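In what follows, a structure is listed as structure tokens, so that the remarks can point back to it.
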Amino acid sequence: MIAPPRGGETNCPGKGTTSVRSPLGSSTGLHNPFRQGRFGLAMPRVSILMPVRDRVRFLEAAVRSVRTQSFADLELLVMDDGSTDGSADLADRLADGDSRVRVLRRSPRGVSPVLAELYALARGEFIGVVDSDDLLVKSALEKCVGALDADPAVGVVYTQHLIIDEQNQAKGLGYRSTIPFDKDRLLVEFMTLAFRLVRADAYRASGGVDPTLPAAPDYDLCLKLSEVTAFRRIDEPLYLYRVHPGMISKSRRTEQLEASRLAVERALVRRGLNATYRLDVDAAGQFRLVPR
59 MIAPPRGGET
69 NCPGKGTTSV
79 RSPLGSSTGL
89 HNPFRQGRFG
99 LAMPRVSILM
109 PVRDRVRFLE
119 AAVRSVRTQS
129 FADLELLVMD
139 DGSTDGSADL
149 ADRLADGDSR
159 VRVLRRSPRG
169 VSPVLAELYA
179 LARGEFIGVV
189 DSDDLLVKSA
199 LEKCVGALDA
209 DPAVGVVYTQ
219 HLIIDEQNQA
229 KGLGYRSTIP
239 FDKDRLLVEF
249 MTLAFRLVRA
259 DAYRASGGVD
269 PTLPAAPDYD
279 LCLKLSEVTA
289 FRRIDEPLYL
299 YRVHPGMISK
309 SRRTEQLEAS
319 RLAVERALVR
329 RGLNATYRLD
339 VDAAGQFRLV
349 PR
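59 is the number of the first residue of the sequence shown in our numbering; add one for each residue after it.
Written as structure tokens, this is what we have:
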């Protein structure tokens, strides 16, 4: 069963407050910061994508958590989706002096078309998304890249995550990130909802982000990725997932739920299971596959 992506993590039974080391400390090691690509262009190994819409309160911490990663061979693409709270201007200031950070401004379109464009612009061998109200633990990229380098058959590495509040206080381990990965179970439980690092070629093989989806593009993408490549979980909370009243999964819960339903129904068709199972969603937003 699944609640809509990013929703449902606010209530984690049996989870207490946990002490969390700051992800914003000093860098522990700079490898060769860039590789040379075709035509002499600098080609980072990792592209981190950050869509932004009115997140001025949390944006600085989110950007800093990427810039101070112990793995420095990266680019950070920040795309402002028509913010009205000064987020775009803040992003410009945060990028000043760091050539790895690019800030792009767009008129309001929504998260799906923004993510689709960001993926298309990414130059890295590996691509990840950090939401502009969340934080990436300092060693996250180092460990995720290491896992992908260690096993070429794995196309997606994802991590466990901690729930944090508006004051960065930890509220416990995100329940869904403790669920073992299973391609079929992913149809009803989004256990890969937080941080993922994806091989660029696996992303392309999956068909990529659907820019027409009104919501839940990450869930739809994970379902498609699970059909073309292997996943591996790092059993360590390397992502800090912020719960607050303005988060999309709270303010647009119905839209998230309907888009998630559509993503699952499309996956059933792709997998040839739609004649055998139908999707049932109860009043609480729990997903179940029911034999026809």
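Yeah, the Cβ is synthetic: ideal placement off N, Cα and C, and Gly gets one too. This structure is a prediction, so every number in the text was calculated from the model and none was measured.
Taking just the CA atoms, how far does residue j sit from residue i?
{"i": "Arg257", "j": "Pro303", "result": "33 Å"}
{"i": "Leu320", "j": "Ala119", "result": "33 Å"}
{"i": "Asp338", "j": "Arg350", "result": "11 Å"}
{"i": "Leu162", "j": "Leu283", "result": "27 Å"}
{"i": "Glu133", "j": "Thr334", "result": "44 Å"}
{"i": "Val188", "j": "Val203", "result": "15 Å"}
{"i": "Ser190", "j": "Arg243", "result": "28 Å"}
{"i": "Ser84", "j": "Ser128", "result": "For Ser84, the predicted model reports a pLDDT of 36, less than 50, meaning its position is unreliable and no value from the coordinates is stated."}
{"i": "Val327", "j": "Ala198", "result": "35 Å"}
{"i": "Phe116", "j": "Gly330", "result": "42 Å"}
{"i": "Ala342", "j": "Pro275", "result": "21 Å"}
When DSSP labels each residue in this structure, what does residue i get in the three-state scheme?
{"i": "Gly204", "result": "helix"}
{"i": "Arg324", "result": "helix"}
{"i": "Ala149", "result": "helix"}
{"i": "Arg254", "result": "strand"}
{"i": "Ser141", "result": "coil"}
{"i": "Ala317", "result": "helix"}
{"i": "Ser235", "result": "helix"}
{"i": "Leu194", "result": "strand"}
{"i": "Leu347", "result": "strand"}
Any C-beta of chain C sitting closer than 9 Å to the C-beta of residue i?
{"i": "Gly213", "result": "The displayed structure is made up of one protein chain only, and chain C is not part of it."}
May I ask which residues mark the beginning and end of the alpha helix (DSSP H) holding residue i?
{"i": "Thr264", "result": "It is Ser, not Thr, that sits at residue 264 in the sequence shown. Segment Ala258 to Ser264, the alpha helix (DSSP H) holding Ser264."}
{"i": "Tyr177", "result": "Val169 to Leu179"}
Could you tell me the boundaries of the beta strand (DSSP E) in which residue i lies?
{"i": "Leu281", "result": "Careful: Leu281 lies outside any beta strand (DSSP E), inside the alpha helix (DSSP H) at Pro275 to Leu283."}
{"i": "Val124", "result": "Where Val124 is concerned, there is no enclosing beta strand (DSSP E), although the alpha helix (DSSP H) it sits in stretches over Leu117 to Arg125."}
{"i": "Gly338", "result": "The question names Gly, yet the displayed sequence has Asp at residue 338. Counting along the chain, the beta strand (DSSP E) containing Asp338 begins and ends at Tyr335 to Val339."}
Hey, is the stretch 203-216 in contact with the stretch 134-153, meaning 3+ C-beta pairs nearer than 8 Å? no
Contact between the stretch 225-233 and the stretch 167-178 (3+ Cβ pairs under 8 Å): no
Does the stretch 289-300 come within contact of the stretch 262-273, defined as at least 3 CB pairs closer than 8 Å? no
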